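K.L.:
My structure is below; once you've seen it, I'll send some questions.
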Amino acid sequence: MMRTVKSGWMRLVLVLTLVLLTGTAASAGSARDVLAQDEPTPGVAQLFITDSDVSSLPSVELHVYGRDAQGNPLNLSQETLTIQQNGSSVGPIEYQGTHTAGTFTVFLIDIPPGVVNELPLLQQAMEGFAAAGNMVEQVDSVAVYEVGATEAQQLLEPTGFYNSVRNLFATPLTPETGATALIDSTTSLLEQLDALKPSPDMVTSLVLASDGTDVVSTRFEEADLVNRALELGIPVHTIWLANESIATPAAGQDFLAGVAAQTGGIAVQLDNTADLPLIWNRITSFRDQARIRYTVTALAAGTFPITVSLADSPGVSAETTVEIPNNLPSVVINLPSESRTLALPALDEPVRLQFSSAVTWLDGVERTLTGAQLRVNGVSYDVPVEEIANFQADITSFTYGNNSVEMVVMDEQGIQATSPIVVLTVNEGRQEIPAELAAGSELLGLVLRFLLVVFALLVVLAVLFWLWRNGRITNLGSLVPRGPSRPRQPYAEQPEVTYAPTHTVAYLEVLGAVSQLSSPIPLSLAVVRIGRSPNQANIAFENDVTVSRLHASLMLEGNNYRIFDEQSTSGTWVNERQVPEYGIQLNDGDEIHLGAVHLRFRQG
């Protein structure tokens, strides 16, 4: 009887233990699920920061690229960005053009015996990618891997040359007779790509060519593959190979299409060779990255977290850190904004200008400069380091319009620093140079010329006086002109001189405006001003309050017009891109928005 009772209690304890263990396991599973939900996988739409440059303090430059929800590249010149450094918003943000970083493309091929008839076409497709028009030698790189039994096997290490790919196929591809693990090979290869790419700022893409079937993989599943690709920001483009040995190939094709769609890639069939350029074009569209520059408002040394986001989609963002060394030099050109416009009658002679600059170090320690240069539109002019605070330079690289001017110095540590760009606007006309830029020699030359004229006048007067005293001139007063011998002709008002370009015909089409103006509007002046006030603008939209009194200007530079915003309230926009301080060159068909005014620029 006692054994029966004890046996019953033991069974009860065992059952309760199992229940508790099951509950604990379920709770642990639930906890893992909650943790997984707390760390969501990023979507396809993302921003990426590949590099940073602090050599132009207080400006910092970032190299950035992005893609939208379909995997297409974002045009960051037309996107409004927000940047935070150390949790605080930074100063002005400027788009500085593009930087060519290159692309790194990895082909992963899965070639079971059933796709043997597809191999020549696959080789031809890969050779077509590694050719002019798709891949740029020594800028882009390519590597080739094959799906293996447990992980990917390298067939061609990363290379930047076309011939390396051609040489790989000198021996034709042969099918893999054993079982291959497609998902395991792809996922493990994704994790290696960051270390494989020749340059860390390259944009990486994976091209997977397969029939889409996999019965061997045990380490990873499809979700793992997709999540890892999204975490790394690597799109997986897929090329479906028809396998003669598979009765129902739809499952494999659907798998490849799903992987591509979820990672921002493109899925095509190898038989549809006309679709392959869709993948090639998508890859090459990421070759160039945006150069974004911002100003640090409170400059200090240290390592600072940086976050770049789309203003209208804050969730699309990227993070990095910027290190500002304590001993880094900083150089600035001291020139107030009101002194950054000058006029010159011609540009075929050097223009001597006076500049002032200052160099400081973050730690406050003065160091010796070993070199200094002034750059104007990319042309360098050597500056004696002992005169860097105040120096003169003979500039030969000016153009009419906006000119970029920056100072480059190197100190005894071997550290180079570049100043923030100063934009000098040069107009055509009688020479007018602001006092801050006027070189001392210019003023001295004017004084010398004035003294020479005075001296010549005194010499003439002395000669005339001598001739009069010696009787050579009996009536000195007769030498003085008494007026014209004929009646004056009535004054005729001179017509306004129009500086019309004889080599270009341009006009504006009015697509929408409150004010009634005839369209088209011919452009016949070298400088055309647009605004609301007839007193300030050549083209006036008088009844439109959305247009500033002087809203924008068109300036002829060579054979092309460049549009500048004149600090208008609503800004000036060309093809939905806001016109920056240095303006935008107009091309035929460009659409311009000034408030509610909609124009189209035409040039024939």
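Residues in the sequence shown are numbered from 1062 upward in steps of one, following this note's numbering. Glycine included, C-beta positions come from ideal geometry on N, C-alpha and C. All values reported here derive from a predicted model rather than from experimental measurement.
What is the residue span of the beta strand (DSSP E) that residue 1436 lies within?
P.N.:
As a first step, residue 1436 is located in the sequence shown; it is residue number 375 there, counting from the start. In the DSSP assignment, residue 1436 falls within the unbroken beta strand (DSSP E) covering 1430 to 1437.
K.L.:
In whole angstroms, what separates the C-alpha of residue 1665 from that of residue 1603?
P.N.:
Here residue 1665 is taken as the residue at index 604 of the sequence shown, counted from 1. Here residue 1603 is taken as the residue at index 542 of the sequence shown, counted from 1. Cα to Cα, the separation comes out at about 29 angstroms.
K.L.:
Please return the same chain residues whose Cβ sits closer than 6 angstroms to the Cβ of residue 1186, not counting the five positions on each side in sequence.
P.N.:
The count along the sequence shown starts at 1 and reaches residue 1186 at position 125. So the qualifying residues of the chain are 1337.
K.L.:
So, do the region 1300 to 1317 and the region 1341 to 1349 have three or more beta carbon pairs nearer to each other than 8 angstroms?
P.N.:
With the cut-off at 8 angstroms, the region 1300 to 1317 and the region 1341 to 1349 do not touch.
K.L.:
Going by the DSSP bridge assignment, what does residue 1354 pair with across the sheet?
P.N.:
Taking the sequence shown and counting its residues from 1, one reaches residue 1354 at position 293. In the DSSP output, where bridge partners are listed per residue, residue 1354 has 1122, 1155.
K.L.:
Apart from the five residues on each side of it in sequence, which residues of its chain come closer than 8 angstroms, Cβ to Cβ, to residue 1632?
P.N.:
Taking the first residue of the sequence shown as 1, we reach residue 1632 at position 571. Counting only Cβ-Cβ distances below 8 angstroms, and skipping sequence neighbours, we find 1626, 1639, 1640.
K.L.:
Please go through the same chain and pick out, in chain order, the residues whose beta-carbon is closer than 7 angstroms to the beta-carbon of residue 1568, but skip the five residues on each side of it.
P.N.:
Within the sequence shown, the letter at position 507 stands for residue 1568. 1581, 1582, 1583, 1584, 1663.
K.L.:
How about residue 1497 and residue 1391: do their beta carbons lie closer than 8 angstroms?
P.N.:
In the sequence shown, residue 1497 corresponds to position 436, counting from 1. In the sequence shown, residue 1391 corresponds to position 330, counting from 1. In this structure, residue 1391 does not lie closer than 8 angstroms to residue 1497 by Cβ.
K.L.:
Any beta carbon from chain D within less than 8 angstroms of residue 1288's own beta carbon?
P.N.:
Structure shown: chain D not included; a single protein chain is present.
K.L.:
Less than 8 angstroms between the C-beta atoms of residue 1484 and residue 1618, yes or no?
P.N.:
Reading the sequence shown from its first residue, position 423 is the one you call residue 1484. Reading the sequence shown from its first residue, position 557 is the one you call residue 1618. In this structure, residue 1618 does not lie closer than 8 angstroms to residue 1484 by Cβ.
K.L.:
Comparing alpha-carbon positions, which option in 1428, 1170, 1138, 1196 lies nearest residue 1155?
P.N.:
One-based indexing of the sequence shown puts residue 1155 at position 94. That would be 1138, whose Cα lies nearest to the Cα of residue 1155.
K.L.:
Please list the terminal residues of the continuous beta strand (DSSP E) segment that includes residue 1230.
P.N.:
Stepping through the sequence shown from its first residue, residue 1230 is reached at position 169. Taken as a continuous stretch (DSSP letters only), residue 1230 belongs to no beta strand (DSSP E), as it is neither H nor E.
K.L.:
Specify the secondary structure class of residue 1187 as computed by DSSP and reduced to three states.
P.N.:
The residue given as residue 1187 occupies position 126 in the sequence shown. Collapsing the DSSP output to three states places residue 1187 in a helix.
K.L.:
Between residue 1135 and residue 1214, what straight-line distance do the alpha-carbon atoms span, to the nearest angstrom?
P.N.:
Taking the sequence shown and counting its residues from 1, the one referred to as residue 1135 is at position 74. Taking the sequence shown and counting its residues from 1, the one referred to as residue 1214 is at position 153. Each residue's CA atom was taken as its position, placing residue 1135 and residue 1214 some 34 angstroms apart.
K.L.:
Which value, in whole angstroms, describes the spacing of the CA atoms of residue 1285 and residue 1417?
P.N.:
Numbered from its first residue, the sequence shown carries residue 1285 at position 224. Numbered from its first residue, the sequence shown carries residue 1417 at position 356. Those two C-alpha atoms are separated by around 59 angstroms.
K.L.:
Should residue 1516 be labelled buried (16 or more other beta-carbon atoms within 10 Å of its own) or exposed?
P.N.:
For the purposes of this step, residue 1516 is taken as the residue at position 455 of the sequence shown. With fewer than 16 Cβ atoms within 10 Å of its Cβ, residue 1516 is classed as exposed.
K.L.:
Buried or exposed: residue 1473, going by 16 or more other Cβ atoms within 10 Å of its Cβ?
P.N.:
Your numbering for residue 1473 matches position 412 in the sequence shown. Residue 1473 is exposed by the Cβ-count criterion.
K.L.:
For residue 1395 and residue 1419, I'd like the C-alpha separation in whole angstroms.
P.N.:
Stepping through the sequence shown from its first residue, residue 1395 is reached at position 334. Stepping through the sequence shown from its first residue, residue 1419 is reached at position 358. Whole-angstrom Cα-Cα distance: 7 angstroms.
K.L.:
Would you mind reading off the limits of the beta strand (DSSP E) that contains residue 1114?
P.N.:
One-based indexing of the sequence shown puts residue 1114 at position 53. Unbroken beta strand (DSSP E) run through residue 1114: 1107 to 1117.
K.L.:
Can you tell me the Cβ-Cβ gap for residue 1117 and residue 1479, rounded? I've got them flagged as a contact below 8 angstroms.
P.N.:
As a working note, residue 1117 is residue 56 in the sequence shown. As a working note, residue 1479 is residue 418 in the sequence shown. Between residue 1479 and residue 1117 the Cβ distance is about 4 angstroms, and since that is below 8 angstroms, they are a contact.
K.L.:
Check residue 1223 in the structure and name its three-state DSSP category.
P.N.:
The sequence position of residue 1223 within the sequence shown is 162, counting from 1. Correct three-state label for residue 1223: helix.
K.L.:
Can you tell me the Cα-Cα spacing of residue 1120 and residue 1578, whole angstroms?
P.N.:
By 1-based counting over the sequence shown, the position of residue 1120 is 59. By 1-based counting over the sequence shown, the position of residue 1578 is 517. Rounded to the nearest whole angstrom, the CA to CA distance from residue 1120 to residue 1578 is 44 angstroms.
K.L.:
Sorted by chain position, which residues of the same chain lie with C-beta nearer than 6 angstroms to residue 1384's C-beta, five sequence neighbours on each side aside?
P.N.:
On the sequence shown, position 323 is the one that residue 1384 refers to. If we look at residue 1384 and ignore the five residues flanking it on each side, its Cβ neighbours are 1364.
K.L.:
Check each candidate in 1421, 1411, 1397, 1243 and name the one with the smallest Cα separation from residue 1387.
P.N.:
For the purposes of this step, residue 1387 is taken as residue 326 along the sequence shown, with counting starting at 1. Cα-wise, what sits closest to residue 1387 is 1421.
K.L.:
Going by DSSP, what residue range makes up the beta strand (DSSP E) through residue 1250?
P.N.:
Stepping through the sequence shown from its first residue, residue 1250 is reached at position 189. Boundaries around residue 1250 are those of the alpha helix (DSSP H), 1243 to 1251, since no beta strand (DSSP E) includes it.
K.L.:
What are the start and end residues of the alpha helix (DSSP H) that includes residue 1316?
P.N.:
Here residue 1316 refers to the residue found at position 255 of the sequence shown. Taken as a continuous stretch (DSSP letters only), the alpha helix (DSSP H) holding residue 1316 covers 1311 to 1324.
K.L.:
Considering just the uninterrupted stretch of the alpha helix (DSSP H) at residue 1287, what are its terminal residues?
P.N.:
Locating residue 1287 in the sequence shown gives position 226, counting from the first residue. Counting along the chain, the alpha helix (DSSP H) containing residue 1287 begins and ends at 1283 to 1293.
K.L.:
Are three or more beta carbon pairs between the region 1254 to 1271 and the region 1157 to 1177 nearer than 8 angstroms?
P.N.:
Yes, since at least three Cβ pairs between the region 1254 to 1271 and the region 1157 to 1177 fall closer than 8 angstroms, the two stretches touch.
K.L.:
Looking at residue 1614 and residue 1629, is the spacing between their C-beta atoms short of 8 angstroms?
P.N.:
Numbered from 1 along the sequence shown, position 568 holds the residue referred to as residue 1629. Numbered from 1 along the sequence shown, position 553 holds the residue referred to as residue 1614. Judged by their CB atoms, residue 1629 and residue 1614 are not nearer to each other than the 8 angstroms cut-off.
K.L.:
Report buried or exposed for residue 1075, applying the criterion of at least 16 other Cβ atoms within 10 angstroms of its Cβ.
P.N.:
Within the sequence shown, numbered from 1, the residue matching residue 1075 stands at position 14. With a pLDDT of only 42 at residue 1075, under the threshold of 50, the placement of this residue in the model should not be trusted; the figure read from the coordinates follows. Under a 10 Å Cβ-count criterion, residue 1075 is classified as exposed, with fewer than 16 other Cβ atoms of the shown protein chains found around its own Cβ.
K.L.:
Round the Cβ separation of residue 1270 and residue 1229 to the nearest angstrom and send it over; I've been treating them as touching at under 8 angstroms.
P.N.:
For the purposes of this step, residue 1270 is identified with residue 209 of the sequence shown, where counting begins at 1. For the purposes of this step, residue 1229 is identified with residue 168 of the sequence shown, where counting begins at 1. Their Cβ separation, rounded to whole angstroms, is 14 angstroms, which puts residue 1270 and residue 1229 out of contact at 8 angstroms.
K.L.:
Compute the distance between the beta-carbons of residue 1184 and residue 1216, then report whether it is under 8 angstroms.
P.N.:
Walking along the sequence shown from the start, residue 1184 turns up at place 123. Walking along the sequence shown from the start, residue 1216 turns up at place 155. No, Cβ-Cβ distance for residue 1184 and residue 1216 is not below 8 angstroms.
K.L.:
Three-state secondary structure (DSSP) at residue 1345?
P.N.:
Locating residue 1345 in the sequence shown gives position 284, counting from the first residue. Helix.
K.L.:
Assuming residue 1449 and residue 1433 form a contact by the criterion Cβ under 8 angstroms, report the distance between their Cβ atoms to the nearest whole angstrom.
P.N.:
Mapped onto the sequence shown, residue 1449 falls at position 388. Mapped onto the sequence shown, residue 1433 falls at position 372. With a Cβ gap of about 5 angstroms, residue 1449 and residue 1433 count as contacting.
K.L.:
Are the Cβ atoms of residue 1125 and residue 1353 separated by less than 8 angstroms?
P.N.:
Walking along the sequence shown from the start, residue 1125 turns up at place 64. Walking along the sequence shown from the start, residue 1353 turns up at place 292. For residue 1125 and residue 1353, yes; Cβs fall inside 8 angstroms.
K.L.:
Taking the C-alpha atoms as reference points, what is the distance between residue 1648 and residue 1621?
P.N.:
If you number the sequence shown from 1, residue 1648 lands on position 587. If you number the sequence shown from 1, residue 1621 lands on position 560. Taking the straight line joining both Cα atoms gives about 8 angstroms.
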